[in-house]
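At position 181 of the first sequence (counting the first as 1) the number is 181 in the UniProt record's numbering, and the numbers step up by one without a gap. Following: one structure in structure tokens, then a few remarks.
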Amino acid sequence: MKKENIEEVIKILSETYPEAKCALNFNSPYELLVSTILSAQCTDVRVNQVTEELYKEYNTPEKVISLTEEELGEKIRSCGFYKNKSKNILGATRTILKEHNGEVPNTMEELIKLPGVGRKTANVVLSNAFGVPAIAVDTHVFRVSNRLGISKGNTPDAVEKGLMENIPRDMWSDTHHYLIWHGRQICKARRPNCDNCPVAPYCEFFNNLVEEKK
DNA sequence: CTCCCGATAT
DNA sequence: ATATCAGGAG
């Protein structure tokens, strides 16, 4: 898609979803890190439900590290992948305590060294906890970017690279949230609601549908 | 590429 | 019944 059209798409999405922001509830970088690890293949609603209870007692590295893998796993069970997530949260917490003086690191390089933390999770933490411009490519951003044609790629890394090239740095974090909101409300995985999509005129996916019907 | 995995929408 | 949900590791 042409750069001027990409800017127009972002403008329309910003007007459509002015309230778009991080959907995960957190009160510290550490809470956001844990919530984001939990959010893999799980709805943010479920994560918030689990963490509201979890963070009452266990909201710091020092407190979480007192739990066994089985104990933590049981508390986060309903988020799915609970054995991996429990092991990763405890592993990441251990590293934060040993190597980072109990503070969540604020660089991509250090974040992705933590177990269970890849580029997507690292970008969420950088953007929402530390105010660093970043575009986390999750399932929604990946799907919506490819459909619209604002950044096409076979992997999240490729889509992230394209988005960073096509979007002004100071719009990265906001755009990331617009794309997620749009993916949830209109450009859904199963039955995208193109009839009510404000950016359909610019969308490659929609325009291809129109072509096929001719 | 496969595996991890429970909850919900369709 | 099955696809999908703020992915990451082996």
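Backbone N, C-alpha and C define an ideal beta-carbon position, used for all residues, glycine too.
By the criterion of a C-beta distance shorter than 6 angstroms, Ile65 is surrounded in its chain by Thr93, once the five residues flanking it on both sides are discounted.
Counting the other Cβ atoms within 10 Å of the Cβ of Asn128 gives 16 or more, which makes it buried. Secondary structure at Glu103: coil, using DSSP grouped into helix, strand and coil. For Arg143, the uninterrupted alpha helix (DSSP H) run begins and ends at Thr139 to Leu148, by DSSP. Cβ contact annotation for Lys21 (same chain, cutoff 6 angstroms, sequence separation greater than five): His177, in chain order. Annotated as proximal: Gln41 and Phe81, with beta-carbon spacing under 9 angstroms. Looking only at Tyr58, Val141 and Asp157, the smallest Cα-Cα distance to Val34 is reached by Tyr58. Closest by C-alpha distance to Gly118, out of Leu209, Thr36 and Pro192, is Thr36. Short of 7 angstroms from the beta carbon of Asp195, and not among the five residues preceding or following it, lies no beta carbon of its own chain. Using a C-beta cut-off of 8 angstroms, the segment 206 to 213 makes no contact with the segment 164 to 180, since fewer than three inter-stretch Cβ pairs fall below that distance.
When the five nearest sequence neighbours on each side are left out, the beta carbons in the same chain lying within less than 6 angstroms of the beta carbon of Ile89 are those of Val34 and Ile37, in order along the chain. Rounded to the nearest angstrom, the Cβ distance from Ser145 to Leu126 is 19 angstroms, too far for a contact under 8 angstroms.
When only Cα atoms are considered, Val137 and Met1 end up about 19 angstroms apart. Here Lys3 is exposed, its C-beta having fewer than 16 other C-beta atoms within 10 Å. Of all alpha-carbon atoms in Glu204, Cys197 and Asn208, the one lying nearest the alpha-carbon of Ile12 is that of Cys197. The DSSP-derived three-state label of Cys203 is coil. Between the alpha carbons of Ser151 and Val45 lies a distance of about 28 angstroms.
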